[in-house]
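Number of protein chains: 2
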Amino acid sequence: MKQVDGGVCAVKGVRASGIKFGKMGLAVIAAEGSAAGVFTRNKIIAAPLIVTRENLSNNGNGRLAAVIANSGNANAFTGEQGITDAKKMAHILAEQLNVPEELVAVASTGVIGRKLDVDWISEHVGEVVEALDSTPDSSNAAVRAIMTTDLVEKESAVELESGVRIGGIAKGSGMIEPNMGTMLSFIYTDASLPADVLEKCLKQSVDKSFNMIVVDGDTSTNDIVLLTATGASSVEPQVEEFQMGLDHVTVDLAKMIARDGEGATKLIEAQVKGAKTENDARIAAKAIVRSPLVKSAVFGKDPNWGRVIAAVGYSGADIDQDKISLTFASGDDIVLLVECGNIQDSSTGVLSSLENIMAQDEIIIMVDIGLGEQSAIAWGCDLTYDYVKINADYTT
Amino acid sequence: MKQVDGGVCAVKGVRASGIKFGKMGLAVIAAEGSAAGVFTRNKIIAAPLIVTRENLSNNGNGRLAAVIANSGNANAFTGEQGITDAKKMAHILAEQLNVPEELVAVASTGVIGRKLDVDWISEHVGEVVEALDSTPDSSNAAVRAIMTTDLVEKESAVELESGVRIGGIAKGSGMIEPNMGTMLSFIYTDASLPADVLEKCLKQSVDKSFNMIVVDGDTSTNDIVLLTATGASSVEPQVEEFQMGLDHVTVDLAKMIARDGEGATKLIEAQVKGAKTENDARIAAKAIVRSPLVKSAVFGKDPNWGRVIAAVGYSGADIDQDKISLTFASGDDIVLLVECGNIQDSSTGVLSSLENIMAQDEIIIMVDIGLGEQSAIAWGCDLTYDYVKINADYTT
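Listed in order, the protein sequences are those of chains A and B.
Oh and the first sequence: position 123 is 108 in my numbering, straight run, nothing missing.
Oh and the second sequence: position 240 is 225 in my numbering, straight run, nothing missing.
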């Protein structure tokens, strides 16, 4: 497996394009194939997700031909009108591309509870479709079109030993604690795989990647991840190989989202091992990266490691405080702070080692619960003045 | 029922005192009676809580004679040494007051994972005991001694129709999402009630008050609430009357904690009704006041009400987006934003009314889920630059 450039356009036959005017943006990706999706578990489900899920599972029989996605308005909590508007988005793209409407996926991101300006989309869809291309720049244009508070364009692609390619784009920066999905991510492969295999692989991959990041603990109404397999390579890869490649792309994109969390200056990786159950490992790792106190301490480079222990304690995971070990690391620096419940003697210089680590851009927090064999990794970012600033005046 | 001054010293026979030097503080409250307590559900339980719980349930047979509490060090995650130190705190106060050691409760708040300076406590306990008094000032000295990042002294007391008084103090500002308990709160009454009745009343009261506040969603290792009934009034009140008075005091103290959340400028009250179950109402109300996005919007006076809907959506409560109604209020101002899933027409000036409300100090967010009869109220505060500032350099 090697990393390649080009985002979704690293995959043969995938065409993309996008435009952005102020807060409004419109992206289109075109490539037909078998497809699978995962969607937000928020009980308020945005209209475009309702339409896409219906198309994917019933009307389109597990196939997609294109995605149309807008930024600037989430089309969420918009009732029947929202459904009508989301269907209209699918309809106008289907007409432009001359594909069946039920093969079009729709996604939106932006303010919740406002009527979508579907006229704006109608007016601009023609020029976006005209610009569809399969260059790396066109993948980049698509991702830029769906960015909101994101500062970084999130693209990742790999080529497997079998020659199969997998490439994806993602957006997401705030309202990030995905639960079966994240803010928009569109992934493509030229592998030849049926929809049911894609769905299984995607669910497994999302559980290790997008579902393991937290920016602020708010789960969006609009989270969606779609995976389309065009079959253009005519290769049917081993599922294990495909899963590994897919995991690489989704974890890569998920980490980009965590690092680009609103106002973030640092990436936090929480590695939990020794848990009794996989769920224990997952909830403990996520509690660490979700804790506003841990996040603030990382921002302030404050070696306040007791907050990590407190977070693991309230996470719900089964623990025994005499079994826990805690280590902080960054690059080649590593410092053991607690070993089986015993705090390391501070006279050995552990706190100054910890201060060095806290000054780095990527902080790895390793917790060994010491009760079992299960492990999990979660990613998050620090909590900064800029997070507050960005979210104190989002709509105004 | 009427409110009275004096905190714990509003209750006849209760003596209190406290001192504070820099970050270290020491408070003592003396009054013997039947007693009950609730403790953190964090699985990392601080040493003083382990000792107090043991004293209260086994050794002391549901009685307490005094409380000793320090700030500056949580004595949490401190192993066997921590237990020894907490027992020593109980021992030295017991000697000073000439009461059995097992009738002394111990509490601590401050940094986690550092050895307690029990010598400092030994050195100062004498002067604190000497200053014990039953004036309002002495209750105030006790609460000041246990404050950490708190800016406001939290005291509340009432006198019931029956003449019974209930008075309490509390501290708490950060690491606040109590779960059966909150940062330290000590409540006294001169009612004549046995420990089992006190325990039942206290649990019920804590569920409506301290368990319904969120500052940052971090549950402390040191949360403790104690209720002692001296019986000095010789009145055995009706349990319903006592419960009402106790609820008044605990809700009053809980709201003070929420309003005094680290860096907070505003109090947020989330009232949820129409839920199918009481748990649904509780988790929906708490999700609103926990959401960093709602909290940031309140700080920035941003009328971004869609974030409230999103929070209710991911709370886990059963909802139907066509049944939800949403109202914001403050003082006499009230604005209906969503009625049974329908967004109010923005041309009627609802957004400017909402902006007026968002500019107030106390914001009430009312959600009617529209599916049942259950309700709950939760309290929180806004998320500000100062929250980040306070927590970015807590230990340094």
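C-beta: ideal position from N, C-alpha, C; glycine also.
Proximity of glycine 365 of chain A to chain B, defined by a Cβ-Cβ separation below 8 angstroms, is not satisfied. Cβ-Cβ distances below 7 angstroms link tryptophan 105 of chain A to Met9 in the same chain, with the five nearest sequence neighbours on each side left out; the list follows chain order. Burial check for proline 179 of chain B: the Cβ neighbour count within 10 Å stays below 16, so the residue is exposed.
Annotated three-state conformation of methionine 74 of chain B is helix, per DSSP. Contact between alanine 116 of chain B and leucine 78 of chain B is ruled out by a C-beta separation of about 14 angstroms, above the 8 angstroms threshold. Sorting B:Phe24, B:Ser93 and B:Cys186 by C-alpha distance to the C-alpha of isoleucine 209 of chain B places B:Phe24 at the top. Residues are counted here when their Cβ sits less than 8 angstroms from a Cβ of chain A; for the stretch 51 to 81 of chain B these are Ala59, Ala61, Phe62, Thr63 and Gly64, given in chain order. As computed with DSSP, tyrosine 299 of chain B is found in no beta bridge at all. For valine 91 of chain A, the enclosing beta strand (DSSP E) stretches over residues 89 to 96. For lysine 139 of chain B, the pairing in a beta bridge is given by DSSP as B:Ala155. A Cβ-Cβ separation of about 42 angstroms leaves serine 219 of chain B out of contact with isoleucine 268 of chain B under the 8 angstroms criterion.
Burial check for cysteine -6 of chain B: the Cβ neighbour count within 10 Å reaches 16 or more, so the residue is buried.
For glycine 216 of chain A and glycine 157 of chain B, the gap between their C-alpha atoms comes out near 59 angstroms.
In the displayed model, phenylalanine 62 of chain B falls within coil according to three-state DSSP, outside both helix and strand. Taking a Cβ-Cβ cut-off of 9 angstroms, glycine 259 of chain B has no neighbours in chain A, whose nearest Cβ is about 15 angstroms from it.
Taking C-beta atoms as the reference points, isoleucine 172 of chain B and leucine 145 of chain B fail to come closer than 8 angstroms. Between the alpha carbons of isoleucine 349 of chain A and alanine 266 of chain A lies a gap of roughly 15 angstroms.
The stretch 305 to 314 of chain B makes no contact with the stretch 232 to 242 of chain A; the number of CB pairs closer than 8 angstroms stays below 3.
Close CB contacts of aspartate 245 of chain A within its chain, under the 6 angstroms cut and outside five residues either way in sequence, are with Asp135, Leu136, Val137 and Ser158 (chain order).
The Cβ atoms of asparagine 27 of chain B and threonine 206 of chain B lie closer than 8 angstroms to each other. In this structure lysine 139 of chain A touches alanine 155 of chain A by the C-beta definition: roughly 4 angstroms separates them, less than 8 angstroms. By the neighbour-count criterion, in which 16 or more other beta carbons inside 10 Å mark a residue as buried, cysteine 325 of chain A falls on the exposed side. By the beta-carbon neighbour count (other beta carbons within 10 angstroms, threshold 16), lysine -13 of chain B is exposed. In the DSSP assignment, methionine 241 of chain A falls within the unbroken alpha helix (DSSP H) covering 224 to 244.
About 11 angstroms separates the beta carbon of alanine 16 of chain B from that of arginine 48 of chain B, a gap too long to meet the 8 angstroms contact definition.
Here serine 332 of chain A carries a helix assignment [DSSP, helix/strand/coil]. Between the stretch 335 to 354 of chain A and the stretch 245 to 263 of chain A there are three or more C-beta pairs closer than 8 angstroms, enough to call the two in contact. Cysteine 325 of chain B carries a coil assignment under DSSP once its states are collapsed to helix, strand and coil. Proximity of glycine -9 of chain A to chain B, defined by a Cβ-Cβ separation below 8 angstroms, is not satisfied. The shortest CA-to-CA distance from glutamine 345 of chain A to any of A:Met132, A:Asp371 and A:Pro288 is the one to A:Pro288. For isoleucine 161 of chain B, there is no enclosing beta strand (DSSP E), since its DSSP letter is neither H nor E. Note on geometry: alpha-carbon atoms of valine 274 of chain B and isoleucine 362 of chain B lie some 10 angstroms from one another. In this model, threonine 262 of chain B and phenylalanine 227 of chain A are separated by some 44 angstroms (Cα to Cα).
Bridge pairing for tyrosine 173 of chain A: A:Gly152 and A:Thr213 [DSSP].
In terms of beta-carbon proximity, valine 96 of chain B lines the interface with chain A, with at least one pair separated by less than 8 angstroms. Around isoleucine 304 of chain B, the beta-carbon contacts reaching into chain A at under 8 angstroms are Lys28 and Ile29.
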